[in-house]
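Worksheet for the structure shown next.
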Amino acid sequence: MSDIVLCPKCSSEFTYPSDNMMVCSQCFYEWNPEETASEAASEGKILDSNGNELQDGDSVVVVKDLPVKGAPKPVKAGTKVKNIRLRPGSDHNIDCKIDGFGAMALKSEFVKKA
């Protein structure tokens, strides 16, 4: 007997293969098990605007002007930020200190690895 594949949507054990897809007989959700495996492997990784994986302690460069709430000027494009800390699972997933602004949280989609 083959291994039971649980539905990623409703966790039902009543699934069956259909061509190269899996189908849940309870909620009728269809998925490709190969894509699900690759998504699980990439989950938890934080990528920059170019798709490079970021690590704690990396240096990054801001790729566009970012307005800062309460500050009279934005963080300019091309600003280099050193020694970042990653916060997986957060919307602003990079903690850093920027000269002239202090401690900030940035989104990884607005930086590239230096």
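Under the UniProt record's numbering, the first residue of the sequence shown carries the number 1, and numbering increases by one thereafter. Think of the CB as a built atom: it goes at the ideal place given N, C-alpha and C, for glycine as much as any other residue.
Asked	Found
Beta-carbon gap between S12 and L54 smaller than 9 Å	no
Delimiting residues of the beta strand (DSSP E) encompassing P67	Here P67 belongs to no beta strand (DSSP E), and DSSP marks it neither H nor E.
Three-way DSSP call (helix, strand, coil) for E109 in this model	helix
M22 classed as buried or exposed, judged by whether at least 16 other C-beta atoms fall within 10 angstroms	buried
Simplified DSSP state of P74, which is helix, strand or coil	coil
Whether G57 touches I84 by CB criterion (9 Å)	yes
Inter-stretch contact (C-beta, 8 Å, three-pair minimum) for the region 88-104 and the region 69-80	yes
Whole-angstrom C-beta distance between A114 and K80, which should lie under 8 Å	6 Å
Exposure label - I4; buried when at least 16 CB within 10 Å	exposed
Distance between F28 and C7 (C-alpha atoms, nearest Å)	9 Å
Local Cβ density within 10 Å of C10, reported as buried at 16 or more and exposed below that	exposed
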